[in-house]
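Each remark here refers to the structure printed beneath this line.
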Amino acid sequence: MTIQLTFPDGSVHEHEEGATGLDVAASIGARLAKAAVAVKLDGDLLDLSRPLPRSGAFEVVTESTEDGRHIIRHSAAHIMAQAVLDLFDGATFAIGPAITDGFYYDFNIGRPFDADDLERIEQRMAEIVRADQSFSREEHSIPDALGMFADQPYKTEIIESVDASEVGGGDAVTVYRNENFVDLCRGPHLPSTGRLKAMKLLRSAGAYWRGDENRDQLQRIYGTAWESKKALDEYVERLAEAERRDHRRLGNELDLFSFPPELGSGLAVWHPKGGLLRTIIEDYSRRTHLSHDYEIVATPHVAKAHLWETSGHLDFYAEGMFPGMILDEQTEYRMKPMNCPFHILIYKSRGRSYRELPLRLFELGTVYRYERSGVVHGLLRARGFTQDDSHIFAMESQIGNELQNLLDFTLMVLRDFGFEDFEADLSTKPDKYVGEDESWEKAESALRQALETAGLPYEIAAGEGAFYGPKIDVHVRDAIGRRWQLSTLQVDFGQPANFDLLYASGDNTRERPVMIHRALMGSIERFVGILVEHYAGAFPPWLSPVQVALVPVADRHIEYARKVADSLAEAGLRVEVDEADDTVGEKIRRAITFKTPAVLVVGDQDVENGTVGLRLRGDEHERRGIEVDTTIQELAALAAPPR
RNA sequence: GCCGGAGUAGCUCAGGGGUAGAGCAGCUCACUCGUAAUGAGCAGGUCCGGGGUUCGAAUCCCCGCUCCGGCUCCA
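Note that the working numbering has the first sequence beginning at 7, numbered continuously upward.
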């Protein structure tokens, strides 16, 4: 008997029944066989050593592919668990998957791991790798498996709850064994531990069993593993680059903002340069909203608790809100966690006509949310922040067109800030929801249509919508490939009903509008944090708080430098003259350290000729003797905002 | 909120039961300089806060605050 295997190039090859993945790979080429970590048959990953069970589409998985790395990391997790069980008597182990760029495994050793432990574990892992133990796959009945893992409560729980999902299917489970170590696992794995060429343990941290904070807290060890030392080194360098870009570090170095402990966790103060940066961003936001038919409103930071009862926030969001304040010994007030009820009240301030719709109310609205103490993270997760928030009130018939324009507007804004790669999630109707099925269907298809028209790649997050309506979340990729969620566009069928919103139709009947909640940058704080990391602090000139640093060569050039600075400022450029008693080299170094887009040096020759020495950020060398007017034109063009 | 780590000068960090340290930044003086750190001097501390142990605490213990890494959370 033979089987037919279709290779990725479409060719069909016949092999003896019982041939393994490795046999087939070797028949293609020795180098391929050497690089192979597993094979794929009709999309299913199989160990190299397994006889191919049937004909089908065949593919060799090599180590430098995402599938290949996944297998390497999964095997690394096993080897780590083996090392931990070797080293710690009575250790129990839970789950250990491959994750993006690495792997982890959760253990219980009765205490946390410390740095020395990680080193010992890494050394033990190296020994296991050197021993080049084979991974072998076995199938066992559930009773057998329960016997094998009798002293492992987490494994026992996994086996007992097995329902085809976690470790194989039916009434059997698969395990992988190398020497004395056995773990439940669906596989596949590397042929042997010796194939793990590059790995590193990164950190340990607490993690709840089954992700449930009411259950055991385990100790998780994170590690990373790659197909080569070189790939590992590159990854470690990527981590170092991310650390260099950390907005908390750069925010301090560039003197943008700080988090004084006196204020409390998650509350930032903006220093002059950061304040200027914010203002530039906020001005852009107001300007573009005004030119896109939004109307700017302003609302207070607190309101009676009753408002949040009407909106439903106190029912479903109370944990995220700052606690109440009792005024006049009877009325409770709350800091606002969202702006929507205020905008709704503006809508309700008088009767509305269909002629006014869509009504787009926009506010840079500052909100306060009680984020749990462990989750606060610089500007990216703060307790007080300002949203570029808008609520659009529209007739249901207008929703499609409105969403289309809104998505275009969103992408325009994100592109203006230098983001190019977008991905979206479309979250659809959950089990519990308000509104009519028909309305949901219309809104969902309008959202999908908007995504299609915009040509945005998206995934459907089925059932992930809020109970009040479906939504689109837009993610961007930053300069080093990280994904950030920025914009959110949410349709809301609930709040118009909670607040009994109405408008007069053309037939003079009373109709209920639909709301769209949307934030493009999300929060100004978070957006600045992401921009800092995206640009590593070297903002495009239009965003740079200081666009031009003017460096007088000696004291006698200060007067001329000020004159040049005035001319630049008149052209709308943000200039600082560095009058410090330092050498030219030092002043230039300072300007470069602060990532100033343009450095102008003026000395005797410039005073005489009405010129400057011009050095743009990133240029190797300066250009000397440039006329001031020419410089102004060049810099003004360079620093022009996108709109 | 939970687990672990940390908090010493503005910043980065060393030290560690017996007089509190360095580099950078700051200030003063000299230098007046043409594209990534001129030199000298000076000043700077509630060693996160509170309590405890001790003859003596920055150091050891307890509580709190803040930060860091995760978990959980993020309608």
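Note that the Cβ used here is the ideal one computed from N, Cα and C, for glycine as well. Quantities reported herein were computed from a predicted structural model and do not represent experimental measurements.
### Message
Between which two residues does the beta strand (DSSP E) holding F368 run?
### Response
L365 to Y374
#### Entry: Separation of L641 from T602, as counted between CA atoms
12 Å
### Message
Starting from S271, trace the alpha helix (DSSP H) in both directions and tell me its first and last residue.
### Response
Run containing S271: none; DSSP gives neither H nor E here.
### Query
I think T494 touches A525, with their Cβ atoms under 8 Å apart; what is that distance to the nearest whole Å?
6 Å
### Task
Count the other C-beta atoms from every protein chain shown that fall within 10 angstroms of the C-beta of N220, then say buried if there are 16 or more, exposed otherwise.
exposed
### Task
Under the assumption that R621 contacts V605 (Cβ atoms under 8 Å), give the Cβ distance between them as a whole number of angstroms.
5 Å
### Query
Taking the alpha-carbon positions, what's the I332 to G390 distance?
21 Å
### Query
Roughly how many angstroms separate the alpha carbons of D470 and Q639, rounded to a whole number?
Residue 470 is actually Glu in this sequence, not Asp. Whole-angstrom Cα-Cα distance: 51 Å.
### Query
Where does F1 land, buried or exposed, given buried means 16+ other C-beta within 10 angstroms?
Lying before the first or after the last residue shown, residue 1 is absent from the chain, which here runs from 7 to 649.
#### Entry: Within 8 Å, strictly: CB atoms of L653 and I78
Absent from the structure is residue 653, since the part of the chain shown begins at 7 and ends at 649.
### Simplified DSSP assignment, three categories, for L537
helix
### Query
In chain order, which beta strand (DSSP E) runs of at least 3 residues are fully inside the region 271-340?
308-310 and 331-333
### Message
Tell me the rounded alpha-carbon separation between F113 and A97.
### Response
7 Å
### Task
Could you name the residues of the same chain whose beta carbon sits closer than 6 Å to that of G174, not counting the 5 residues immediately before and after it, in chain order?
In this predicted model, G174 has a pLDDT of only 49, less than 50, meaning its place in the structure is not dependable; the value taken from the coordinates is given anyway. Excluding positions up to five away in sequence, the list reads T180 and R192.
### Distance CB(D584)-CB(A597) smaller than 8 Å
yes
### Task
Give the single residue among R518, I466, K46 and L313 whose Cα lies nearest to the Cα of P347.
L313
### Message
On the DSSP letters alone, give me the boundaries of the beta strand (DSSP E) that A555 sits inside.
### Response
V554 to P558
### CA-to-CA distance, E65 to A44, given in whole angstroms
9 Å
### Message
Quick check: the Cα distance between L644 and W446, rounded to an integer number of angstroms?
### Response
46 Å
### Task
Look at the alpha carbon of L256 and the alpha carbon of L208, and state the distance between them as a whole number of angstroms.
23 Å
### Query
Pairing CB atoms from the region 533-553 with CB atoms from the region 245-263, are three or more of them under 8 Å?
yes
### Task
Apply the 10 Å Cβ neighbour rule to K236 and answer buried if 16 or more other Cβ atoms are within range, or exposed otherwise.
exposed
### Message
Short of 8 Å in beta carbon distance, which residues of its chain neighbour E172, apart from the five on each side in sequence? Order them along the chain.
### Response
For E172, the pLDDT reaches just 48, beneath the cut-off of 50, and the residue's location in the model is therefore unreliable, although a value from the coordinates is still provided. The answer, listed in chain order, is I164, L190 and R192.
### Query
CB-CB under 7 Å to D337, same chain, minus the five flanking residues each way: which ones, in chain order?
Note on residue identity: the sequence assigns Thr, not Asp, to residue 337. These residues qualify, in order along the chain: K310.
### Query
Closest to D289 by CA distance: which of E259, V581, D414 and L370 is it?
L370
### Query
Should K477 go down as buried or exposed, given a rule of 16 or more other Cβ atoms within 10 Å for buried?
buried
### Query
Quick one: what's got a C-beta closer than 6 Å to R623's C-beta in the same chain, skipping five residues either side?
P603
### Task
Kindly identify the DSSP beta-bridge partner or partners of L495.
I478 and R524
### Task
Have a look at R454 and G217 and give me their C-alpha separation to the nearest angstrom.
33 Å
### Task
Could you check what DSSP says for H195 in three-state terms: helix, strand or coil?
coil
### Query
At what residues does the beta strand (DSSP E) containing H397 begin and finish?
G390 to A400
### Task
Pair every Cβ in the region 269-282 with every Cβ in the region 240-251, then say whether three or more of these pairs are closer than 8 Å.
no
### Task
Could you tell me the distance, in whole angstroms, from the CA atom of A82 to the CA atom of H146?
23 Å
### Query
Does DSSP put F155 in a helix, a strand or coil?
coil
### Query
Y182 and S142 look like a contact to me (Cβ under 8 Å); what is the Cβ gap, rounded to whole Å?
7 Å
### Query
Which stretch, first to last residue, makes up the beta strand (DSSP E) that contains N114?
G108 to N114
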